[in-house]
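Below you'll find the structure, written out as C-alpha cells, and then a few comments.
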Amino acid sequence: MPPASFFILSCVLFSLGGLAFLIKRDLITQFMAIEIMLNGANLALVAAAKLWGSLAGQVLVFFVITVAAAEAAVGLAIILLIYRQKKNIRSEEINQLKG
Amino acid sequence: MSEYFWLIPFFPAISSLILVIFGRWLPKKYVSIQAPLAVFLSFLFGLKAFLALSQSPVETEGAALAKTLFSWIQSGQFQIDFTFWFDPLTAVMVLVVSGVGFIIHVYSIGYMAEDRSYTRYFSLLNLFTFAMLLLVMSQNVVLMFVGWEGVGLCSYLLIGFWFEKPAAASAGKKAFIVNRIGDAAFILGIFFLILNLKTASFPEINHALSSGQVSSALATLIGLLLFIGATGKSAQIPLYVWLPDAMEGPTPVSALIHAATMVTAGVYMVSRFNLLYSYSPAASEIVAIIGALTAVYAGTIALTQNDIKRILAYSTISQIGYMFLGCGVGAYAAGMFHLYTHAFFKSLLFLAAGSVMHALSGELDMRKMGGLKKYLPLTYPTFLIGAITIAGVPFFSGFFSKDAILTQCYAQGKYLLWALGLGGAVITAFYMFRLIFLTFHGQERFSAEVRHHLHESPPVMTIPLIILAFFSVVAGYVGLPVVFGHNLNWFEQFLEPVLKGRAEAHLSLSLEWFLIIVSVAVALTGIALAYLLYQKSPLLPHQLVRRFPRFYRLLLNKYYVDEIYEAAFVQPLVRGSEAVYYGFDLPVIDGAVNGSARLMAFFGRILSLFQTGQVRDYALIFLIGVALILGLVIF
Amino acid sequence: MAEKMAVFLFFLFAVVSLAAVIGMIFSRHQAHNALLLAVAFTALGGLFALLNAPFIAAVQIIIYAGAIMVLFIFVIMMVDLRQPLPAAKKRWVYWLGAGLMIVVLTELIFVLRSLPSGSHTAEPDFGSPRALGQILFTKYLYAFEITSILIVAALVGALYLARRREKD
Chain A
1 MPPASFFILS
11 CVLFSLGGLA
21 FLIKRDLITQ
31 FMAIEIMLNG
41 ANLALVAAAK
51 LWGSLAGQVL
61 VFFVITVAAA
71 EAAVGLAIIL
81 LIYRQKKNIR
91 SEEINQLKG
Chain B
1 MSEYFWLIPF
11 FPAISSLILV
21 IFGRWLPKKY
31 VSIQAPLAVF
41 LSFLFGLKAF
51 LALSQSPVET
61 EGAALAKTLF
71 SWIQSGQFQI
81 DFTFWFDPLT
91 AVMVLVVSGV
101 GFIIHVYSIG
111 YMAEDRSYTR
121 YFSLLNLFTF
131 AMLLLVMSQN
141 VVLMFVGWEG
151 VGLCSYLLIG
161 FWFEKPAAAS
171 AGKKAFIVNR
181 IGDAAFILGI
191 FFLILNLKTA
201 SFPEINHALS
211 SGQVSSALAT
221 LIGLLLFIGA
231 TGKSAQIPLY
241 VWLPDAMEGP
251 TPVSALIHAA
261 TMVTAGVYMV
271 SRFNLLYSYS
281 PAASEIVAII
291 GALTAVYAGT
301 IALTQNDIKR
311 ILAYSTISQI
321 GYMFLGCGVG
331 AYAAGMFHLY
341 THAFFKSLLF
351 LAAGSVMHAL
361 SGELDMRKMG
371 GLKKYLPLTY
381 PTFLIGAITI
391 AGVPFFSGFF
401 SKDAILTQCY
411 AQGKYLLWAL
421 GLGGAVITAF
431 YMFRLIFLTF
441 HGQERFSAEV
451 RHHLHESPPV
461 MTIPLIILAF
471 FSVVAGYVGL
481 PVVFGHNLNW
491 FEQFLEPVLK
501 GRAEAHLSLS
511 LEWFLIIVSV
521 AVALTGIALA
531 YLLYQKSPLL
541 PHQLVRRFPR
551 FYRLLLNKYY
561 VDEIYEAAFV
571 QPLVRGSEAV
581 YYGFDLPVID
591 GAVNGSARLM
601 AFFGRILSLF
611 QTGQVRDYAL
621 IFLIGVALIL
631 GLVIF
Chain C
1 MAEKMAVFLF
11 FLFAVVSLAA
21 VIGMIFSRHQ
31 AHNALLLAVA
41 FTALGGLFAL
51 LNAPFIAAVQ
61 IIIYAGAIMV
71 LFIFVIMMVD
81 LRQPLPAAKK
91 RWVYWLGAGL
101 MIVVLTELIF
111 VLRSLPSGSH
121 TAEPDFGSPR
131 ALGQILFTKY
141 LYAFEITSIL
151 IVAALVGALY
161 LARRREKD
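Residue numbers (the numbering used here), protein chains in the order written: chain A, 1 to 99; chain B, 1 to 635; chain C, 1 to 168.
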C-alpha cells in the first residue's frame with residue numbers, strides 16, 4: 001500500500017474537518033470537527049512513522065491522543081457552562097468579545 | 001587655607017541645596033543660623049585668600065590663585081574648563097558680595113521673621129549668593145555667563161517672592177525678560193569673542209589682545225555687545241525699566257541684589273574686560289556716555305517720586321551710571337571703588353528704609369510719613385549717614401569714590417561728561433535730602449493707628465544698620481586721593497595688576513583741590529536746596545508744581561518710558577504671538593497631531609469590524625492565513 | 001495475498017471513515033453526529049493497525065471512540081437541543097469555507113508530493129507495545145511524565161468547571 005494514499009487520506013480528513021467546523025453552527029459539533037482534524041494529523045504521523053521507520057511518530061500520536069482527551073474533557077465542561085448560562089449552544093450567539 | 005579658595009561659592013550652594021530639599025522639616029531657628037553662616041564662611045575664606053593675595057607679590061596676569069575643577073566643554077581644539085580664580089578684582093567683589101551679603105542675611109532674620117515662606121527665602125538668597133560668587137570667580141567668560149544667568153534667575157525668583165501678589169509676579173517677569181534681551185546681546189558678544197579669539201578664558205583673551213590679534217573694530221563690536229548685556233543686568237539706559245518694578249520684592253532683596261551685588265555685575269564685567277575696552281575707544285566712549293546720561297536721567301526721575309524704595313531704586317540706577325562713567329573714561333579703579341562704597345551705603349539705605357517700613361507697618365509713601373526722627377532713634381541716624389555719604393559730603397566714603405570718578409573725567413579731558421556728573425551730584429544730594437526731610441522731619445502725616453504701632457526695629461535689624469553705617473564712613477579711606485598724599489590710594493594700587501587697560505592721567509595738585517572743592521560745593525548746594533524746599537518753605541514745591549505742571553508730570557511718570565516700550569515692543573509682540581498661535585499653531589500643528597490620532601482611530605474602527613466575537617469567523621481568518629502561508633511556501 | 005488484503009482493508013476503512021465524516025457534515029442531529037464520529041474513529045483505528053501501529057490502534061479505539069465519544073454523548077444528553085436552530089445568517093460562509101478547504105487540500109497534497117515512495121521494511125517488533133513502551137520510558141520520559149500531570153490538571157479543571165452550582 002503506497003504511503004501516499006494514507007497521506008492523501010489524512011489531508012482529506014483534515015480539510016473535511018475544517019469545512020465541518022466552518023459550516024456547523026452548534027458548539028458540540030464544531031468541537032467534534034476539531035477532533036476530526038486532529039485525527040487526520042494523527043493518521044499522517046503514523047504513516048510517516050512507518051515511512052521513515054521511526055517510532056517517534058507513534059509516540060507523538062500517543063501524546064496527541066492523550067492531550068486530545070484532556071482537551072475534550074475540559075472543552076466539554078466549558079460547553080456545559082455555556083449551556084447553563086445561555087440555555088443553548090449556538091456558537092453564533094457567543095460574541096461577547098465583539099469589537 | 002588659601003588654596004581652598006575655590007570652596008567659596010560652594011558654601012552657600014550647599015546651604016541652599018539643603019534648604020531646598022530638607023527645608024520643610026527644618027526649624028526656623030536652624031535656618032536662621034545655617035543660611036547666614038554659609039555666607040560668613042565664604043567671607044572668611046575670601047578674606048584669607050585676599051590676605052594671601054595682598055602679601056605675595058602679584059605677577060603680571062594678576063591671578064595668584066586658580067583652580068580648575070573639571071574640564072567642561074571640549075570641542076576639537078576649543079576647550080572651556082570649570083575654573084575658578086582669585087585675583088585682586090575678584091577679591092574685591094568676593095569680599096563685597098559675601099560681606100554685605102552676610103550682613104543682609106542677618107538683617108533678613110528679623111525682617112522676614114513673620115513670613116510664611118521663611119525657608120524658601122533663605123534658600124533663594126543662598127542660591128543667589130552662590131551664583132554671584134560663581135560669576136565673579138570664574139576664569140572664563142562662559143562660566144561667568146552661567147553665574148550671570150543664575151543671578152538673573154534668582155532675581156526673578158526673589159522679586160516675585162510673594163507671587164500671590166500680581167504686581168510682584170509681573171515685576172519678576174519683567175525683570176527676567178528685560179534681562180534676557182540684554183543677555184541675547186551678551187551671548188552674541190561671547191560668540192564673536194570665541195569665534196575670533198578661539199578662547200574664552202580671561203588670561204588668554206588678554207594675551208590675544210596685547211599681542212595685537214584683535215582689531216579695533218572687533219573689539220568695538222564685542223565690547224558693545226557685552227555692554228548691552230550690562231545695561232540689562234545693571235539697569236542702565238535703555239534696559240533699566242525693570243529695576244523700579246523690582247521693588248515689589250522684600251526690602252533685603254532690594255538691598256542685596258538690586259543695590260550691592262547683581263546690578264554691579266555689569267560694572268565688574270566691564271572692568272574685567274578693561275583691556276578689551278582700551279582697544280576700542282568708541283565702545284569706551286559709549287559706555288561713559290550712557291553712564292553719565294543714565295546718572296542724570298535717573299536722578300531727575302527720583303526727584304518727584306513719593307515711594308521711598310522707588311527713590312532708592314532710581315538712585316541705584318543713577319549711581320551705577322557713575323560707575324560706568326568711571327569705567328568708560330578708563331578709570332576702572334575709580335569705577336570699582338564706587339561700586340565698593342556704593343555697596344555699603346546703598347544697602348544701608350535700603351535696609352534702613354526697610355526698618356522704616358517695618359516701623360510703619362508696611363507704609364512706603366513719603367506723603368504719609370514725617371517727623372519720624374524721634375520715634376526711630378537708631379534708624380534715623382544710620383539713614384542719615386547713608387544719605388550724607390551718597391550726597392558726596394567729604395570724609396564719608398561716597399565722597400572719595402565719586403570724586404575719584406569725576407576727577408578722572410576731567411583729567412581725561414571729558415569736560416562734558418564731568419559737567420554731567422556734577423549735575424547728577426546736585427540732583428543726588430537734593431533728592432536724598434528731600435527724602436530725609438519728608439520722612440524724618442516736619443509734620444507727622446500718618447494716622448493715629450500707625451502711630452500706635454510705631455516702634456524701632458529689633459537689634460537683629462538695627463545692628464546690621466550700624467555696621468553698614470560704620471563702613472559707609474570708613475570704607476572710603478582705603479582709596480585716598482592724591483591730594484592727601486601719593487600712594488595712599490591702596491585700593492587702586494591693589495587693583496593695578498588687573499587693570500591693564502586703564503587710562504592714566506595726572507593733574508596738578510592745585511587742580512585736584514579745585515575739583516574737590518567744586519564737588520563739595522555741589523553736594524552742599526543740593527542739600528541746601530532740599531532744606532529750602534522741604535524744611536524751610538514747604539509750600540515752595542507745590543508752587544513749583546503749579547508753575548510747571550507738565551514737566552512735573554513727565555518726571556513723575558518716569559518720562560512715560562514704560563508706556564512707550566509697551567506700545568512699541570510689547571504689544572506688537574503679543575499681537576504677533578496671538579496671530580501665530582491662532583493662525584498656525586492651533587490649526588496646523590495641533591491639527592496634524594489630532595488629525596493623525598483621528599486617522600488611527602479610524603483605522604482602528606475599521607479593524608474592529610473583524611472582531612465579531614464569533615469563533616467561527618476567527619477560525620475562518622485563521623484558515624485563510626494558513627492557506628496563504630502554505631501557498632507562499634509552495635510557490 | 002496479504003498485499004491484496006491490505007489494499008482491500010485500506011479502502012474499506014478509508015471509505016467508511018470518509019463516509020462517516022461526510023455524513024457528519026450533512027446531519028443535523030448531534031447524536032447522529034456523535035455516533036458517526038465514533039464510527040470514523042474506529043475506522044481510523046483500523047487504518048492504524050494497517051500501518052504497523054497495533055498499540056496506537058488499540059489506544060485510538062479505546063480512548064477516542066470509547067472515552068471521548070462517551071463524553072460527547074453524555075454532554076449531548078445533558079444539553080437540551082430540541083429547539084431548532086434559526087436560519088443561518090451568513091450563507092456565504094459555507095461557500096467561502098468550501099473553497100478554502102479545497103485550496104488547503106490542494107496545497108497539502110502539493111506538499112506531500114515530494115515524499116519518497118515505498119516504505120521502510122519494518123522490524124517485526126515495530127509498533128508493538130513493548131517497543132513503544134521501551135522508547136516511551138527512556139527517550140520520551142519527560143514528555144510522558146508531564147503529560148500525566150497535564151491529565152491530572154485537566155481532570156481537576158473539568159471537575160471544577162462542571163460542578164453543580166447552588167441555585168441562587
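Don't be surprised by glycine CBs; every beta carbon is placed ideally from N, CA and C.
Handout entry: Proximal residues of chain B, C-beta to C-beta of E107 (chain C) below 8 Å
Key = A627, L630, G631 and I634
Handout entry: Validate contact between the stretch 397-414 of chain B and the stretch 505-518 of chain B using beta carbons, cut 8 Å, 3 pairs
Key = yes
Problem - Residue range of the alpha helix (DSSP H) that includes W418 (chain B) - result: Y415 to F440
Exercise for the section: Along the beta strand (DSSP E) that carries Q79 (chain B), what are the first and last residues, could you check? Expected result: F78 to F86
Exercise for the section: Could you check which residue in C:I135, C:V156, C:I146 and C:Q60 has the C-alpha nearest to that of A38 (chain C)? Expected result: C:Q60
Handout entry: Within chain B, partners of F21 (chain A) - CB distance below 8 Å
Key = R616 and A619
Handout entry: Contact set for Y531 (chain B): own chain, Cβ-Cβ below 8 Å, skip 5 residues either direction
Key = F433 and F437
Practice task
Report the residue ranges of all alpha helix (DSSP H) runs contained in full by the stretch 73-157 of chain B; include only those spanning at least 4 residues, in chain order.
Solution key: 88-111 and 118-137
Handout entry: As assigned by DSSP and simplified to three states, the class of T407 (chain B)
Key = helix
Handout entry: Spatial distance of T60 (chain B) from Y322 (chain B) (CA atoms)
Key = Below a pLDDT of 50, predicted positions are generally treated as unreliable, and T60 (chain B), at 46, falls in that range; no measurement from the model is reported.
Practice task
Write down the C-beta distance between I320 (chain B) and V267 (chain B) rounded to the nearest angstrom, noting that I regard them as a contact closer than 8 Å.
Solution key: 7 Å
Practice task
Evaluate contact between the stretch 458-477 of chain B and the stretch 337-354 of chain B, counting only Cβ atoms and requiring at least three cross-stretch pairs below 8 Å.
Solution key: yes
Practice task
Apply the 10 Å Cβ neighbour rule to G62 (chain B) and answer buried if 16 or more other Cβ atoms are within range, or exposed otherwise.
Solution key: Only weak support exists for where G62 (chain B) lies, its pLDDT of 48 falling under 50; the value from the coordinates is given anyway. Counting Cβ neighbours within 10 Å, G62 (chain B) comes out buried, since at least 16 surround it.
Handout entry: Element boundaries [alpha helix (DSSP H), containing W95 (chain C)]
Key = W92 to L112
Problem - Exposed unless 16 or more other CB atoms sit within 10 angstroms - verdict on K414 (chain B) - result: buried
Exercise for the section: Within its chain, find whatever has a CB closer than 6 Å to the CB of G172 (chain B); leave out the 5 residues flanking it on each side and keep chain order. Expected result: Y156, I159 and G160
Problem - V111 (chain C): contacting residues in chain B (beta-carbon distance under 9 Å) - result: L630, V633 and I634
Problem - DSSP-derived helix/strand/coil call for L97 (chain A) - result: coil
Practice task
Kindly indicate if chain B contains any beta-carbon less than 8 Å away from that of V93 (chain C).
Solution key: yes
Exercise for the section: Kindly list the residues whose CB is nearer than 8 Å to the CB of F13 (chain C), restricted to its own chain and excluding five residues on each side of it in sequence; keep chain order. Expected result: A43, L44, G46, L47 and L50
Handout entry: Between the CA atoms of A255 (chain B) and M262 (chain B) - distance to the nearest angstrom
Key = 10 Å
Exercise for the section: With DSSP as the reference, please indicate the residues paired to A66 (chain B) in a beta bridge. Expected result: B:W85
Problem - CB contact below 8 Å: G613 (chain B) versus chain A - result: yes
Problem - Cross-chain neighbours of F48 (chain C) in chain A, by beta carbon under 7 Å - result: V46
Exercise for the section: Look up R25 (chain A) in the DSSP assignment and say whether it is helix, strand or coil. Expected result: coil
Handout entry: C-alpha distance - L101 (chain B) paired with H441 (chain B), whole-angstrom precision
Key = The residue asked about is misnamed: residue 101 (chain B) is Gly in this sequence, not Leu. Near 31 Å, if we compare the C-alpha coordinates of H441 (chain B) and G101 (chain B).
Practice task
Answer yes or no: does any C-beta atom of chain A fall closer than 8 Å to that of G133 (chain C)?
Solution key: no
Handout entry: M180 (chain C): contacting residues in chain A (beta-carbon distance under 9 Å)
Key = This structure cannot speak to residue 180 (chain C), because chain C is shown only from 1 to 168.
Practice task
Using a cut-off of 8 Å between C-beta atoms, extract the partners of L96 (chain C) located in chain B.
Solution key: L620
Handout entry: Pairwise C-alpha distance: A31 (chain C) and I89 (chain A)
Key = 14 Å
Problem - Strand pairing of G479 (chain B), partner residues [DSSP] - result: B:N489
Practice task
Give a yes or no on whether the C-beta atoms belonging to G392 (chain B) and V296 (chain B) are separated by under 8 Å.
Solution key: no
Practice task
Could you tell me whether the Cβ of Q21 (chain C) comes closer than 8 Å to any Cβ of chain B?
Solution key: Reading the sequence as shown, one finds Val at residue 21 (chain C) and not Gln. Answer no: the Cβ-Cβ gap between V21 (chain C) and chain B never drops below 8 Å.
Exercise for the section: Have a look at C:L96, C:M77, C:S27 and C:L161 and flag the residue whose alpha-carbon is nearest the alpha-carbon of F622 (chain B). Expected result: C:L96
Problem - C-alpha gap between L47 (chain B) and F176 (chain B), whole angstroms - result: 32 Å
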